[in-house]
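This report concerns only the one structure given below.
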Amino acid sequence: MHSSYGTPKAACSDRREAARLQRHAPEKGSPTPAPRHRREAPLHPSILPHRRATAFIPVARFRTAAHATQGRNDSTRRRYRHGKRFGLGSHAACRSPPAGAGGGLRGAGGVGSSNPRPALPLRERGGRAGPPLHHSGSRWSSAFARYARGQDPAAGARRAGAGQAPAGARLAAVYGADAGRRTGGDVRGGNRRRAERRPLCGGDSCPAGHRAVQAAAKIAAGGGAAGNGAQASGALVILPGATVGVLGGGQLGRMFTLRARTMGYRVIVLDPDPASPAGAVADRQIQAPYDDEGALADLARSCAAVTMEFENVPAVALEQLARSCLVRPPVAALRIAQDRIAEKRFLEERGFATAPFRPVRNAGDVEPAMAALRLPALLKTSRLGYDGKGQAAVENSDDATRAFERFGGVECVLEERLTLECELSVVLGRGADGEVTAFPVAENRHQGGILETSVVPARVPEPLRRQATELAAAVALAMEYVGVLAVELFVAQGGRLFVNEMAPRPHNSGHYTLDACSVDQFEQQLRALCGLPLAPPRLLTPVAMINLLGDLWASGTPRWEEALRRPGVRLHLYGKTEARPGRKMGHLNCLAEDADQALTTALQTRDALRAQPR
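Here the working numbering is used: the first residue of the sequence shown is 415, the next is one more, and so on.
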């Protein structure tokens, strides 16, 4: 190509350029200005977590056409409005998104993590227009403080290149809610002694439970015993390789532990029984009472998150754990579920139908309670009753008084005995983002107050199954529940549904999911605990679950070959060393072409297991 240098026009141009450079040349001894593509620009202190400082940012790279067309009278003139945007996730403490930020949670299928849309523009300089983002951290950090560092690893010291990941289903890393250091003059600067920040736009700071999320984020970011962590949509995500804890070492803890270890997690169990079923398969067991402060501190230090396998653990123990560790389900939900009076009042106050009841707190309450209800009735201890324990059928006041004395005079609830068509249960999972996935409805039959069989699908009309699922989901929403929840329901004459009770954990009637569903209740418990996307349950085949009680051992070891030789029969034993009447030692899941055939197979197989007396 022919060069234009040497032409008169080019020479004039060169002279003008030389004169311009001479006019703008710095005085002798002054520093040389940065080139335009590396211009030094002050960062907006309300957007990035740095102290008031400047950093080199490639300004021209982010300029947009909108910036070039701003009018002279525009109030934002000379403020760079670049196209780089930040997707704002949920507040980690409250687990609810700030108004106007982000997009929908998940698709109808319920698979995949949230994909929040961009929420706030990221500017280099200018006035503080509008409420700022959370802020915290050191001067030159490229990621937000309390960030679990699951994304943007390339941004290093004094760099601002940590961009948002591509859109789509992912586990997007979002920094935590609490600032651990002084945060400057931001409108969110809160009680620094408690390492808090005030909520955006004056929203609810949701202090209850914020320390648990903060502590879990610390563990996840630091690695160590707790292992890997990231954050998705403002909620902590705990990845395989991390350590989770379980309060309780029974069969539910055992099945949770087996599933968690299959998925790559380490598990620590706290239980006073040295031969606990869960401890036998866990990575480690802490043998101590549930209220042992030292043992609880050990569990919290070692785990990224803790759950429980039964609701009768002391609530104060969970509260201690929640001060330094993520705990799910919420302690408030546990307090409701472990007290029948509190549970029934909670349901009644929120419009859920329950059997008519009256609290009996002392012997003087028996007569008025009996007079207020239709007989017959059931007297149940308010606490610690399960599998038929702490319950008595009463026909008159004398029966009720004797039962109350037999229970030791503890607080009880007197409940009207309904005429039932059948009993149902719904096991569901609810994530921290509010997503609910429910397992198919089970039809249950009890014997002596203990669950005997669960048949799935329940042999009731489809509209009733759908109503049961919606009712259980509404209960979970009312409690702001996170985890696996079981809701037991009565079907009274005419098909009316009543809530019987709740269990804040996997449930005996959900054991069929181990063999008959695309995901089981223990995996769902782990997913909810760790902030993973919940898996949509799908029933693969009709199934009947039947419990194997210690009574089967009365004449010797059961004939296990009878279960193992039958097609479609799956045997599950819990590793308990002592068989007692009424004690759950294991169960069978029997798969068949239809629910009736599955139930028949279950009953026949259970009876065939019984050893013949010699």
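Beta carbons are placed, not taken as given, at the ideal position from N, Cα and C, and that holds for glycine.
- Looking at the backbone, the Cα of Leu672 and that of Ala696 are separated by about 8 angstroms.
- Nearest to Ala731 by alpha-carbon distance, out of Ala711, Asp753 and Asp705, is Asp705.
- Annotated three-state conformation of Ser738 is coil, per DSSP.
- In this structure, Gly897 sits near Pro743, with a CB-CB distance shorter than 8 angstroms.
- Ranking Glu894, Gly989, Ala777 and Ile700 by CA distance to the CA of Asp712 puts Ile700 first.
- If you draw a straight line from the Cα of Ile652 to the Cα of Pro728, it is about 25 angstroms long.
- By the CB criterion at 8 angstroms, Ala886 and Leu842 fall inside the cutoff.
- Distance between Ala786 and Thr721, taken at the CA atoms: about 39 angstroms.
- Note on geometry: alpha-carbon atoms of Asn914 and Leu903 lie some 5 angstroms from one another.
- For Ala977, same chain residues with a beta-carbon under 7 angstroms away, outside a window of 5 residues either side, are Val983, Leu985, Leu1002, Thr1019 and Leu1023 in chain order.
- Under the Cβ criterion (8 angstroms, minimum of three pairs), the segment 828-838 counts as touching the segment 759-770.
- Counting along the chain, Lys758 sits inside the alpha helix (DSSP H) bounded by residues Arg754 to Glu763.
- Of the candidates Ala1012, Glu894, Ala1006 and Ala906, the residue whose Cα lies closest to the Cα of Leu748 is Glu894.
- Annotation for Met959: Ser868, His925, Tyr926, His1001 and Asn1003 place their beta carbon closer than 6 angstroms to its own, counting only its chain and skipping 5 residues before and after.
- Rounded to the nearest whole angstrom, the C-alpha separation of Arg820 and Ala807 is 13 angstroms.
- Pro691 and Cys717 have their C-alpha atoms some 20 angstroms from each other.
- Contact check between the segment 860-875 and the segment 1009-1017: three or more CB pairs, one atom from each, fall below 8 angstroms, which counts as touching.
- Distances from the alpha-carbon of Gln907 to those of Thr971, Gly663 and Glu835 put Glu835 closest.
- The C-beta distance from Val683 to Val660 rounds to 5 angstroms, short enough to meet the 8 angstroms contact threshold.
- By alpha-carbon distance to Gly996, the top candidate from Ala777, Trp967 and Ala949 is Trp967.
- The distance from the Cβ of Leu793 to that of Ala814 is about 6 angstroms, consistent with a contact at the 8 angstroms cut-off.
- By the Cβ neighbour-count rule, Ser932 is exposed, with fewer than 16 other Cβ atoms within 10 Å of its own.
- Relative to the Cα of Ala930, the nearest Cα in the group Arg816, Ala856 and Ala1025 belongs to Ala856.
- Taken atom to atom, the span from the alpha-carbon of Arg844 to that of Leu953 is near 19 angstroms.
- Rounded to whole angstroms, the Cβ separation of Leu865 and Ser923 is 6 angstroms, and the two are in contact under 8 angstroms.
- According to DSSP, Phe670 shares a beta bridge with no other residue.
- With 16 or more other Cβ atoms inside 10 Å of its own Cβ, Leu899 counts as buried.
- Listed as beta-bridge partners of Ala856 by DSSP are Ser839.
- Taken in chain order, the whole beta strand (DSSP E) runs of length 3 or more contained in the segment 957-990 are 957-963 and 983-987.
- In terms of Cα proximity to Phe853, the closest of Asp687, Met999 and Gln939 is Gln939.
- Pro920 sits close to Phe936, with the two beta carbons spaced by under 8 angstroms.
- Closest in C-alpha terms to Asp847, from the list Gly989, Pro875, Leu946 and Val774, comes Leu946.
- The beta carbon of Ala888 is closer than 8 angstroms to those of Phe766 in its chain, skipping five residues each way along the sequence.
- Put simply, the backbone Cα of Asp687 is about 42 angstroms away from that of Pro782.
- Per the C-alpha coordinates, the member of Leu710, Glu825 and Val745 positioned closest to Glu725 is Val745.
- Counting along the chain, the unbroken alpha helix (DSSP H) around Ala942 starts and ends at Gln935 to Cys944.
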